[in-house]
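First comes the structure, then the notes that go with it.
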Amino acid sequence: MSDHKPLTTPLHQWHGRNHATMGNFSGYSMPLWYASGAKHEHINTIVKAGLFDTSHMSMLTLTGDSSFDLLQRTFSRDLRYCIGKPAAALHTGRAVYGMFFHEDGTVLDDAIITQLGENRYLLVVNAAMGGAVGRHLDEHRTSGCEIDEVTDEFGKIDLQGPAAGKILGSVLADAGAVFAGLSYFSCRGTLFGGDGQEVRCRDGTELLVSRTGYTGEFGFELFMRRDALVSIWEQLLAAGAGNGIVACGLAARDSLRTGAGLPLSHQDIGAWDFGTTPWSFVLPYDAGKAQFSKTFVGGAAVYDNLAQNYTYGFAGYDPRKIAHLHKAAVLDEGDKKIGVVTSCTTDMAIDRVDGTIFSIASPVSAGRPEAFSPRGLSCGFIRVDKALSPGEVVVLVEGKRRLTVEIRTDIRPHRTARRSMEKMV
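Residues in the sequence shown are numbered consecutively from 61, following the working numbering.
Following this line, the structure appears as structure tokens:
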């Protein structure tokens, strides 16, 4: 047993006062769920709004003339062609998701990189990974680039769900200016330095507002100085009281991201060959999708090992799930073991109607019955040694439990993350 006490976020005491069930996650004591339970938090985020303490995430800044070149050498995305269609270069006020690889093609961590200004970038990586990613970057940097971990100086709150814009707008000093043209994976604010417009709350607190998150739903990641985090958290809860906001723990965050088809680092991606996955968009394919458009750390190994293993999303036929990940077996239709389960949770907002998956957010016009009351469906990811096709059925086995699941390219339909600001505020 470790003698080390878990780290805490600035909201630790608030979580305790508000009856959170706490657990250890990546060395941090974090809320798993509150009194209303993870199911309520999950569904509420899809139909109203959820507030998540994500200040355990690590943050780094890169500044200097060679910072772009360093990211081009180490990050999986080609920053010259990663924004929109037709693909444009990353530029001030825009963000991009991708991965850092080891030389052998295994994943060090995934990250969101935001360009704050000319030669200035913010990197958000997973909890306790700031040091490892910082060292990795330092090994490959040249002069003209400063790498600073700023995790202890800043905090992050995720406000997610269709009511997020209305709630945040009532806290901001000039919501109209902040929200105007704020597209998916873009940001506003000068909190970390750089160019652009300053963003402040009505009480004067400075923020960086980013149209990102990890739930698949409309919302924001909000960055502030660490000593302002509790105040902003409480302001958002007060502002959202009339819109049904609830505080949410990591259990709901896990089920939401799984239903949205998003990987968990060191669980769905990690110390094994990346292979062929639902997240191939993080690789810098050229226009013909045959070769990579740049060289980067680990790129040759990733390319050579694309057929070494395959990761697929799945959805089940009832709410039952697998508990012991990476130990439960995946069997094909001939009962042959072909792989392991990497993620499995229950998305309580979805169910099947005559074989079609609907969400509580699906419109009636899309075929959802008016009296739709979902039981929830198991969903997650498997890593297998053979190629499978959407619609194929495999069996997940854990002890005596056998779950039949369907290979899916999409799990929870009618997600809101990419909807325009104009439709959501």
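For every residue, glycine included, the Cβ atom is placed at its ideal position computed from N, Cα and C.
8 Å Cβ cutoff met for residue i and residue j
i: L183; j: L122; result: yes
i: C439; j: A375; result: yes
i: F214; j: N179; result: no
i: R271; j: C247; result: yes
i: N365; j: V444; result: no
i: L463; j: L456; result: yes
i: G300; j: A421; result: no
i: L282; j: L242; result: no
i: G34; j: G321; result: No statement about residue 34 is possible, as the shown extent of the chain runs from 61 to 485 and does not include it.
i: G249; j: L268; result: yes
Span of the beta strand (DSSP E), counted from its first residue to its last, around residue i
i: E281; result: 279-285
i: V390; result: 389-391
i: I217; result: 214-220
i: G76; result: It is not in any beta strand (DSSP E) - G76 instead sits in the alpha helix (DSSP H) that spans 72-77.
i: G249; result: Looking at the DSSP string, G249 is not in any beta strand (DSSP E), and its letter there is neither H nor E.
i: T371; result: 370-375
i: E452; result: Premise fails: E452 is in no beta strand (DSSP E) and is neither H nor E.
i: F160; result: 155-161
i: Q207; result: According to the sequence as given, residue 207 is Ile; it is not Gln. Per DSSP, I207 belongs to the beta strand (DSSP E) from 206-209.
Where residue i sits in the DSSP three-state scheme
i: G87; result: coil
i: I382; result: coil
i: Q351; result: coil
i: R412; result: strand
i: M61; result: Reliability of the predicted coordinates at M61 is poor, the pLDDT of 44 falling under 50, and no value is obtained from them.
i: D470; result: coil
i: S425; result: helix
i: I227; result: helix
i: A192; result: helix
i: D129; result: helix
i: T68; result: coil
i: F432; result: coil
i: T134; result: helix
In DSSP terms, what residue i is bridged to
i: A447; result: A447 pairs with nothing; no bridge assigned.
i: T166; result: D333
i: S243; result: Paired residues: none, contrary to the question.
i: H184; result: For the record, residue 184 in the displayed sequence is Val; it is not His. Partner(s): M119, I172.
i: C404; result: G440
i: K145; result: The partner list for K145 (beta bridge, DSSP) is empty, contrary to what the question assumes.
i: W339; result: In the DSSP output, where bridge partners are listed per residue, W339 has none listed.
Boundaries (first-last residue) of the alpha helix (DSSP H) holding residue i
i: T105; result: 98-107
i: E482; result: 481-484
i: A360; result: 359-364
Any non-hydrogen atom of the ligand COA closer than 7 Å to residue i Cβ
i: P146; result: This structure lacks the ligand COA, and indeed carries no ligand of any kind.
- prompt: Of all the beta strand (DSSP E) runs that stay within the bounds of the stretch 259-334, which reach a length of 3 or more residues?
  reply: 266-270, 279-285, 305-308
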